[in-house]
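Participant: Below is a structure I'd like to ask you about.
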Amino acid sequence: MDEIVKRTDKPRTKQSITNDLRALGVEAGMQVIVHSSLSSLGWVSGGPIAVIQALMEVVTEEGTIVMPTQSADLSDPSEWGNPAVPEAWWDEIRNTMPTYDPAYTPTFQMGRIVETFRSYPGVKRSSHPNFSFAAWGKYRDTVINGQPLALGLGEQSPLQKLYTLPNSHILLLGVGFDNCTAFHLAEYRLPNQTYKERHAPVLEDGKRVWKSHQEITFRDELFPYIGESLEDTMYIPKSKIGSATSRIIPFKKAVDFAENWLTKRDAYQGI
């Protein structure tokens, strides 16, 4: 018997997930960025489609659902470590890697819910070859349009759009704070940054171009500690969606807290 079936007391359904989302505090008209693990929910009748439809029913078209649809594998092979490839392959990989296309480029290690959502009817995906987002609902175009290639999770990104929109929240659906992409926005706001060059294949004037762009060095290994401190400081609603411990967090408060936490840490360490 499948391990997920063994640890599920009864099937999860669109309706049961809908009920659980509402019990957690997800509401119509919210802007919600969703980070998810399908397997953590237990056995779901309809799989990722049931989860997406439940989210849409609860948030409604008066709200917005956003998911990170990253494709970090469209990058320079010299940066790879999971897994690494031989250096002798690098030039051939650079010369032959397909360009990013929001319509069909798959996500990379983002999970089945995200991979299904990116091409779901009514969903639009942003243009960034590594750090794209997909969105559905009232502010879909506002969130998705205009994401820059350089500093792609910073002040012109979908994360910043969510920061400024009313009633924006983070939904951690069976995942921890290590998945909380919103904390990256806080990183960009720190005064002292380490930058590096990233590369990706993109279309430019109809031609394939191996494009370089500047990005900060992320410190997502700190995100679980930020989340732990956040929960110690303010009330974060937490309950089960199916089998999955889940949280709903005000977006702006989370980003502001993370910025303050990182600023204090860097000052203590003399950065």
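Reading the sequence shown from the start, the letters are residues 4 to 274 in this note's numbering.
By construction, the Cβ of each residue, glycine as well, lies at the ideal position given by its N, Cα and C atoms.
A quick note: this is a predicted structure, and the numbers were derived from the prediction, not measured.
1. Might you give, ordered along the chain, the residues of its own chain that have their beta carbon closer than 8 Å to the beta carbon of MET237, omitting 5 neighbours on each side?
2. Roughly how many angstroms separate the alpha carbons of ARG10 and LYS241, rounded to a whole number?
3. For the segment 81-142, list the beta strand (DSSP E) runs that are entirely contained and at least 3 residues long, ordered along the chain.
4. Please report the residue range of the alpha helix (DSSP H) in which LEU265 lies.
5. Indicate the three-state DSSP secondary structure (helix, strand or coil) for MET70 in the structure shown.
6. Using alpha carbons as the reference points, say which of THR110, PHE134, ALA106 and HIS131 lies closest to PRO124.
7. Kindly list the residues whose CB is nearer than 8 Å to the CB of ASP223, restricted to its own chain and excluding five residues on each side of it in sequence; keep chain order.
8. Report yes or no: is there a C-beta of chain C within less than 7 Å of the C-beta of GLY155?
9. So, under 8 Å CB-CB, GLU65 and ALA31 are touching, yes? Tell me the CB distance rounded to an integer number of Å.
10. DSSP state of ILE229, grouped into three classes?
11. GLU200: which of GLN73, VAL8 and SER78 sits nearest, CA to CA?
12. Helix, strand or coil for PRO204? Go by DSSP, reduced to three states.
13. Does the Cβ of GLY209 have 16 or more other Cβ atoms within 10 Å, making it buried, or fewer, making it exposed?
14. Check whether the segment 34-48 touches the segment 94-101, counting contact only when three or more Cβ pairs, one atom from each stretch, lie closer than 8 Å.
15. Under the assumption that SER135 contacts THR72 (Cβ atoms under 8 Å), give the Cβ distance between them as a whole number of angstroms.
16. Assign MET4 to one of three DSSP states: helix, strand, or coil.
17. Do ASN133 and ALA189 count as a contact pair if the criterion is CB distance below 7 Å?
18. If distances are taken between C-alpha atoms only, which option among GLN18, PRO89 and SER43 comes closest to MET59?
19. Which residues bound the beta strand (DSSP E) around ARG211?
20. Measuring straight from C-alpha to C-alpha, what distance separates THR21 and ILE96?
21. Using C-beta distances below 7 Å, list every residue in its chain close to GLY114, excluding the 5 sequence neighbours before and after it, in chain order.
22. Between ALA57 and the rest of its own chain, which residues show a CB-CB distance below 7 Å, the 5 nearest in sequence each way excluded?
23. Rounded to whole angstroms, what is the Cα-Cα separation between GLU262 and VAL178?
Facilitator: Judging by the given coordinates:
1. The residue given as residue 237 occupies position 234 in the sequence shown. Around MET237: LYS256 and PHE260.
2. Sequence index remark: in the sequence shown, residue 10 carries index 7 (1-based). Sequence index remark: in the sequence shown, residue 241 carries index 238 (1-based). Taking C-alpha positions only, ARG10 is separated from LYS241 by approximately 21 Å.
3. With a minimum length of 3 residues, the continuous beta strand (DSSP E) runs that stay inside the segment 81-142 are 136-140.
4. Reading the sequence shown from its first residue, position 262 is the one you call residue 265. Residues 254-272.
5. Translated into positions along the sequence shown, residue 70 becomes position 67. DSSP places MET70 in strand when its eight states are reduced to three.
6. Taking the first residue of the sequence shown as 1, we reach residue 124 at position 121. It is ALA106 whose Cα lies nearest to the Cα of PRO124.
7. Walking along the sequence shown from the start, residue 223 turns up at place 220. Correct list, in chain order: ASP181, PHE186 and HIS187.
8. The question asks about chain C, but that chain is absent: this structure has only one protein chain.
9. Reading the sequence shown from its first residue, position 62 is the one you call residue 65. Reading the sequence shown from its first residue, position 28 is the one you call residue 31. That pair is a contact at about 6 Å.
10. Numbered from 1 along the sequence shown, position 226 holds the residue referred to as residue 229. Looking at ILE229 - three-state DSSP - the assignment turns out to be helix.
11. In the sequence shown, counting from the first residue as 1, residue 200 sits at position 197. For GLU200, the nearest C-alpha among the options comes from SER78.
12. The residue you call residue 204 lines up with position 201 of the sequence shown. Judged by DSSP in its simplified three-state form, PRO204 adopts strand.
13. Locating residue 209 in the sequence shown gives position 206, counting from the first residue. By the Cβ neighbour-count rule, GLY209 is exposed, with fewer than 16 other Cβ atoms within 10 Å of its own.
14. No, the segment 34-48 does not touch the segment 94-101.
15. Here residue 135 is taken as the residue at index 132 of the sequence shown, counted from 1. Here residue 72 is taken as the residue at index 69 of the sequence shown, counted from 1. Contact between SER135 and THR72 holds: their C-beta atoms lie close to 5 Å from each other, under 8 Å.
16. Counted from its first residue, the sequence shown places residue 4 at position 1. Below a pLDDT of 50, predicted positions are generally treated as unreliable, and MET4, at 49, falls in that range; the measurement from the model is reported next regardless. Of the three classes helix, strand and coil, the one that applies to MET4 here is coil, per DSSP.
17. As a first step, residue 189 must be located in the sequence shown, where it is residue number 186. As a first step, residue 133 must be located in the sequence shown, where it is residue number 130. Going by C-beta atoms, ALA189 is not nearer than 7 Å to ASN133.
18. Along the sequence shown, read from residue 1 onward, the residue named residue 59 stands at position 56. Measuring from the Cα of MET59, the nearest candidate turns out to be GLN18.
19. Numbered from its first residue, the sequence shown carries residue 211 at position 208. 210-219 is the span of the beta strand (DSSP E), which, as asked, contains ARG211.
20. Against the sequence shown, residue 21 aligns to sequence position 18. Against the sequence shown, residue 96 aligns to sequence position 93. Distance between the alpha carbons of THR21 and ILE96: 44 Å.
21. Translated into positions along the sequence shown, residue 114 becomes position 111. Excluding the 5 residues flanking it on each side, GLY114 has same chain C-beta neighbours closer than 7 Å at SER39, SER40 and LEU41, in chain order.
22. Here the question's residue 57 lines up with position 54 in the sequence shown. Sequence-distant Cβ neighbours of ALA57 in its own chain, meaning closer than 7 Å and more than five residues away, are LYS17, ILE20, THR21 and LEU24.
23. Within the sequence shown, numbered from 1, the residue matching residue 262 stands at position 259. Within the sequence shown, numbered from 1, the residue matching residue 178 stands at position 175. Approximately 21 Å between the Cα atoms of the pair.
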